[in-house]
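A.B. asks: Using my numbering, the first residue of the sequence shown is number 9, and each one after it goes up by one.
Each residue gets a CB set at the ideal place from its N, CA and C atoms; glycine is no exception.
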Amino acid sequence: MSTSTAFAGSWKSLSIPLTSWLLDVVQSMGHTQMTPVQASTIPLFMMHKDVVVEAVTGSGKTLAFVIPILERLIRRETKLRRDEIGALVITPTRELATQIHSIFALFLSAQPKESCSQPDGQPTEPFYPPPLLLVSSDHSSPAQDLERFFLTGADIIVGTPGRVEEFLLGKGRSSVNIKELEVLVLDEADRLLDLGFQAAITRIITYLPKQRRTGLFSATMTDADALSELVRVGLRNPARIVVKRRTPARSASSSIKTQNIYLLFSSLQNHYIKCRSSEKLLQLVRIISHEVSQQQSSHFIIYFATCACVDYFFKLLPLFTAPSITYYSLHGNLTPSVRTKTLAAFSSAIPTSLSPSVLLATDVAARGLDLPNVDVVIQFDPPTDPKAFSHRCGRTARAGKSGRAWVLLVGRESEYIGWIHLSLSRKLRRSHDISDFLRIRKIPLKERSYLTAFVSFIRAYSKHEASYIFRLKDLDLLGVAKSFGLLRLPKMPELKEVDRTAWTEADVNWETFSYANQAQETKRLALAEVKRADRHQQKQSEPKAKKSNLAWSDKTQRKVERERRKDKRAKKNIYKSQGSAGNTTDTLKREREVPTDGGEEISAEDWNEMLREERMAKRVRKGDISQEAFDAEFGDI
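(1) So, with DSSP's three-state summary, where would you put G606?
(2) What would DSSP say about K531, mapped onto helix, strand or coil?
(3) Is it true that the segment 205-218 meets the segment 15-27, where meeting means three or more beta-carbon pairs spaced less than 8 Å apart?
(4) Below 8 Å between beta carbons: does that hold for M64 and V193?
(5) T101 and I108 look like a contact to me (Cβ under 8 Å); what is the Cβ gap, rounded to whole Å?
(6) Going along the chain, which residues of its own chain have a beta-carbon closer than 7 Å to the beta-carbon of G242, five neighbours each way excluded?
(7) Am I right that D371 and A396 are in contact with their C-beta atoms under 8 Å? What's the rounded C-beta distance?
(8) Please classify A413: does DSSP put it in a helix, a strand, or coil?
(9) Could you please give the first and the last residue of the uninterrupted beta strand (DSSP E) stretch that includes S365?
(10) With C-beta atoms as the reference, is Y336 less than 8 Å away from S301?
(11) Reducing DSSP to helix, strand and coil, say where D575 ends up.
(12) Y523 and I477 - do their beta-carbons sit closer together than 8 Å?
(13) Just tell me which of T168, L224, T228 has its CA closest to the CA of R244.
(14) Between A72, N525, H39, which has its C-alpha nearest L52's C-alpha?
(15) Ignore the nearest five residues each way along the sequence and tell me which others in I111's own chain have a CB closer than 7 Å to its CB.
(16) Please report how far the alpha carbon of Y469 lies from the alpha carbon of I386, in whole angstroms.
(17) Go through its chain and collect everything with a Cβ distance to D288's Cβ below 6 Å, but skip five positions before and after it.
(18) Output the residue ranges of the beta strand (DSSP E) runs that lie fully inside the segment 23-73 and measure 3 residues or longer, sorted by chain position.
(19) Look at the Cβ atom of L342, then the Cβ atom of L367, and state whether they are nearer than 8 Å.
(20) Less than 8 Å separating the beta-carbons of S275 and S410?
(21) Among residues of its own chain, excluding the 5 on either side of G129, which ones have a beta-carbon nearer than 6 Å to its beta-carbon?
(22) Does DSSP put H109 in a helix, a strand or coil?
(23) Along the chain, which unbroken stretches of the beta strand (DSSP E) at least 3 residues long are found entirely within the segment 167-201?
(24) Given a threshold of 16 other Cβ atoms within 10 Å of its Cβ, counted over all protein chains shown, does S7 qualify as buried or as exposed?
(25) Starting from the C-beta of L81, find all residues in its chain whose C-beta is less than 8 Å away, skip the five residues before and the five after it, and write them out in chain order.
(26) Give the secondary structure of Q277 by DSSP, where H, G and I count as helix, E and B as strand, and everything else as coil.
(27) State the DSSP-derived secondary structure class of S226, mapped to helix, strand or coil.
(28) In whole angstroms, what separates the C-alpha of A514 from that of F521?
(29) When DSSP labels each residue in this structure, what does S259 get in the three-state scheme?
(30) Taking D91 as the reference, give the member of G170, E188, M54, G68 with the closest Cα.
(31) Do you know whose CA, among G631, I77, G68, P394, lies nearest H56's CA?
(32) Could you compute how far the alpha carbon of S145 sits from the alpha carbon of V318?
(33) Check the C-beta distance from G419 over to L351 and give it rounded, since I have them as a contact under 8 Å.
(34) From which residue to which residue does the alpha helix (DSSP H) around A152 run?
(35) Along the chain, where does the alpha helix (DSSP H) that runs through Q302 open and close?
(36) What residue does the alpha helix (DSSP H) around H399 start on, and which one ends it?
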């Protein structure tokens with residue numbers, strides 16, 4: 009964000025003068041004067057101080073650590089050997105790492121060549137080799153990273169946590185020398201100290217030598233974030249520099265020297281629109297139209313909650329807006345090469361109000377990226393992490409330019425405005441004549457991907473950190489479904505309690521309604537075939553089931569069985585009464601004989617059944633079997 013007090017003296021006013029060719033590069037970039045964060049940080053970082061820098065986006069943090077790193081390497085008494093590294097910069101995203109790498113490369117490519125030549129007449133190579141970039145890539149594996157390191161002899165490493173850890177502690181553990189490491193920088197430090205990267209960062213820092221300078225840089229780093237982690241990341245005698253809006257100073261630990269630099273922001277205008285859930289897409293279209301026609305805006309970034317939402321609205325928005333608008337999509341599920349090409353294409357585009365460029369993105373494009381030509385930022389979905397709000401807004405109003413940021417809020421989400429402590433002005437009041445989602449249903453987007461986008465949005469919403477504001481039970485889920493243009497509601501637990509009386513399902517042949525993605529469609533067809541086979545098998549088994557469960561035959565069979573068991577029990581009682589009058593010898597004799605019942609002989613089968621029942625009754629009394637098991641076999645039914 010640019011400010012009304014954005015400069016703090018010329019570069020030549022630094023207490024430690026810059027190397028001449030570094031100063032030439034800085035001035036060729038158009039930075040004629042230092043920003044406050046640069047004027048405060050560079051001298052401290054060059055004077056063997058660890059620093060914790062919290063500065064608003066666009067305030068010049070990158071040069072605040074790039075220049076000290078280069079100066080420290082230039083001022084070394086001995087040149088680093090080919091297997092040694094002098095500086096390490098770690099960032100949370102590959103896009104930010106690529107951007108920082110390009111800045112180092114720009115400086116090092118401008119260094120003066122050696123005055124002498126090699127024996128074969130060829131000019132010597134630059135004294136300081138180019139930096140090495142360590143990020144996930146379709147064209148470079150960790151083994152190839154190691155090969156490039158030894159080939160170039162890079163002194164400066166820039167990368168993401170996972171790839172840096174693999175480089176230092178994996179394949180390069182026995183061959184990469186870290187003993188001469190001068191500087192460690194954690195850019196977007198609050199994100200790197202989050203749980204997602206904490207384990208990798210801890211392992212890296214533990215492995216690095218303790219005699220180094222460490223810098224933590226971020227646009228949003230609360231006191232708890234920075235101060236509670238200082239000991240863990242090994243900062244020594246740190247100085248804290250805070251560049252922020254003019255607000256009451258926050259408390260800081262007395263053991264840390266804090267420089268508070270207050271700035272007045274005037275170039276960024278924040279707006280919000282409160283609307284119905286079903287109107288969000290159409291309100292987004294209105295904002296784009298308003299900015300293009302009224303403000304002559306030409307460079308937009310629109311933020312969504314999930315990767316699937318970016319993909320879906322990337323297909324949807326061109327059908328509602330002018331054909332002259334060029335759309336780009338950027339999110340974490342794209343391949344590294346596609347992400348790099350997309351960001352490069354959007355950054356290098358020279359749009360006009362007649363042919364605007366719009367980037368649809370997740371928070372992968374929210375932090376640290378220097379996109380100086382962005383006029384408007386629109387947050388279609390407020391971020392799950394509230395700190396990302398200012399990072400998103402910081403993509404516009406940079407380098408002295410003005411910019412506008414919009415956020416769409418539905419229902420009680422308007423409470424978010426006070427919660428993030430920003431003063432937002434309300435523009436473009438909600439129009440009541442906006443048509444319903446029927447218009448969206450009529451679009452020629454006849455494929456199933458919209459269901460994935462809707463489901464992913466609901467899941468992301470349910471995990472919002474400000475859960476007392478963003479509560480799923482307060483969200484109009486039918487309205488959200490209409491905004492997505494759903495043809496039918498998916499089967500998911502979150503929709504079980506939804507009143508569907510106001511919902512009309514579209515008349516679509518679901519058998520032929522397919523995915524545009526061939527892999528997804530093949531999977532869907534295979535699953536449908538399995539379900540059909542299961543239904544066929546169930547049909548084949550239905551007649552047998554009916555035969556064994558005929559109501560009247562079952563009752564008849566049970567009645568016959570009941571009568572037979574009553575008769576057996578009566579005969580057994582008669583025999584027991586006869587046996588009680590005789591002695592043991594007579595009883596044993598009767599056990600060998602076939603008894604009679606009033607002159608009628610009891611069959612051997614019935615006799616054996618009665619003996620078995622008697623033995624089972626004894627087992628019940630002993631507790632060997634349960635009464636229920638006995639009744640199931642011998643009791644009246």
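C.D. replies: Let's see:
(1) In the sequence shown, residue 606 corresponds to position 598, counting from 1. Its pLDDT being 45, under 50, G606 is placed unreliably by the model, and nothing is read from it.
(2) Counting from 1 along the sequence shown, the entry for residue 531 is found at position 523. K531 falls in the helix class under three-state DSSP.
(3) The segment 205-218 vs the segment 15-27: no contact.
(4) Within the sequence shown, numbered from 1, the residue matching residue 64 stands at position 56. Within the sequence shown, numbered from 1, the residue matching residue 193 stands at position 185. It is worth fixing the name first, because residue 64 is Val in this sequence and not Met. At a Cβ-Cβ threshold of 8 Å, V64 and V193 do not count as neighbours.
(5) Counting from 1 along the sequence shown, the entry for residue 101 is found at position 93. Counting from 1 along the sequence shown, the entry for residue 108 is found at position 100. That belief does not hold up - the Cβ atoms of T101 and I108 are roughly 11 Å apart, past 8 Å.
(6) The residue you call residue 242 lines up with position 234 of the sequence shown. Excluding positions up to five away in sequence, the list reads I213, K218, T222.
(7) Position 363 of the sequence shown, counted from the first residue, corresponds to residue 371. Position 388 of the sequence shown, counted from the first residue, corresponds to residue 396. Contact flag correct, Cβ pair sits at about 5 Å.
(8) Reading the sequence shown from its first residue, position 405 is the one you call residue 413. Shown here, A413 sits in a strand according to DSSP, grouped into three states.
(9) Position 357 of the sequence shown, counting from 1, holds the residue named residue 365. 365-369 is the extent of the beta strand (DSSP E) around S365.
(10) What you label residue 336 is simply residue 328 of the sequence shown in a count that begins at 1. What you label residue 301 is simply residue 293 of the sequence shown in a count that begins at 1. For Y336 and S301, no; Cβs fall outside 8 Å.
(11) Taking the sequence shown and counting its residues from 1, one reaches residue 575 at position 567. Three-state DSSP puts D575 in a helix.
(12) Numbered from 1 along the sequence shown, position 469 holds the residue referred to as residue 477. Numbered from 1 along the sequence shown, position 515 holds the residue referred to as residue 523. No, they are not a contact pair.
(13) Your numbering for residue 244 matches position 236 in the sequence shown. For the residues T168, L224, T228, the minimum Cα distance to R244 belongs to L224.
(14) Position 44 of the sequence shown, counting from 1, holds the residue named residue 52. Taking only the C-alpha atoms, the option nearest L52 is A72.
(15) The residue given as residue 111 occupies position 103 in the sequence shown. Counting only Cβ-Cβ distances below 7 Å, and skipping sequence neighbours, we find T70, V74.
(16) Mapped onto the sequence shown, residue 469 falls at position 461. Mapped onto the sequence shown, residue 386 falls at position 378. Taking the straight line joining both Cα atoms gives about 18 Å.
(17) The residue given as residue 288 occupies position 280 in the sequence shown. As written in the sequence, residue 288 is Lys, which differs from the Asp given in the question. Excluding its 5 nearest sequence neighbours in each direction, K288 has C-beta neighbours in its own chain below 6 Å: L416, S491, listed in chain order.
(18) Taken in chain order, the unbroken stretches of beta strand (DSSP E) that lie wholly in the segment 23-73 and span 3 residues or more are 59-63.
(19) As a working note, residue 342 is residue 334 in the sequence shown. As a working note, residue 367 is residue 359 in the sequence shown. Between L342 and L367, the C-beta spacing is not below 8 Å.
(20) Stepping through the sequence shown from its first residue, residue 275 is reached at position 267. Stepping through the sequence shown from its first residue, residue 410 is reached at position 402. For S275 and S410, yes; Cβs fall inside 8 Å.
(21) Along the sequence shown, one-based indexing puts residue 129 at 121. For G129, the pLDDT reaches just 49, beneath the cut-off of 50, and the residue's location in the model is therefore unreliable, although a value from the coordinates is still provided. Closer than 6 Å at the Cβ level, and outside the excluded window around G129, lies no residue.
(22) Against the sequence shown, residue 109 aligns to sequence position 101. DSSP places H109 in helix when its eight states are reduced to three.
(23) The segment 167-201 contains these whole beta strand (DSSP E) runs: 191-195.
(24) Absent from the structure is residue 7, since the part of the chain shown begins at 9 and ends at 645.
(25) Numbered from its first residue, the sequence shown carries residue 81 at position 73. Closer than 8 Å at the Cβ level, and outside the excluded window around L81, lie L88, G94, A95, Y136, D163, I164, E190.
(26) Walking along the sequence shown from the start, residue 277 turns up at place 269. Reduced to three states, the DSSP call for Q277 is strand.
(27) Counting from 1 along the sequence shown, the entry for residue 226 is found at position 218. Shown here, S226 sits in a strand according to DSSP, grouped into three states.
(28) One-based indexing of the sequence shown puts residue 514 at position 506. One-based indexing of the sequence shown puts residue 521 at position 513. Going by C-alpha positions, A514 is about 12 Å away from F521.
(29) On the sequence shown, position 251 is the one that residue 259 refers to. A caution first: S259 carries a pLDDT of 41, below 50, which makes its placement in the model too unreliable to give a value.
(30) As a first step, residue 91 is located in the sequence shown; it is residue number 83 there, counting from the start. It is E188 whose Cα lies nearest to the Cα of D91.
(31) Stepping through the sequence shown from its first residue, residue 56 is reached at position 48. Of all alpha-carbon atoms in G631, I77, G68, P394, the one lying nearest the alpha-carbon of H56 is that of I77.
(32) The residue you call residue 145 lines up with position 137 of the sequence shown. The residue you call residue 318 lines up with position 310 of the sequence shown. Cα-Cα distance, rounded: 22 Å.
(33) Translated into the one-based positions of the sequence shown, residue 419 becomes position 411. Translated into the one-based positions of the sequence shown, residue 351 becomes position 343. About 34 Å separates the two Cβ atoms, so there is no contact after all.
(34) Within the sequence shown, numbered from 1, the residue matching residue 152 stands at position 144. Here the sequence assigns Gln to residue 152, which means Ala is not the residue at that position. Residues 150-160.
(35) Translated into positions along the sequence shown, residue 302 becomes position 294. Counting along the chain, the unbroken alpha helix (DSSP H) around Q302 starts and ends at 288-302.
(36) Within the sequence shown, numbered from 1, the residue matching residue 399 stands at position 391. That run of the alpha helix (DSSP H) goes 396-401.
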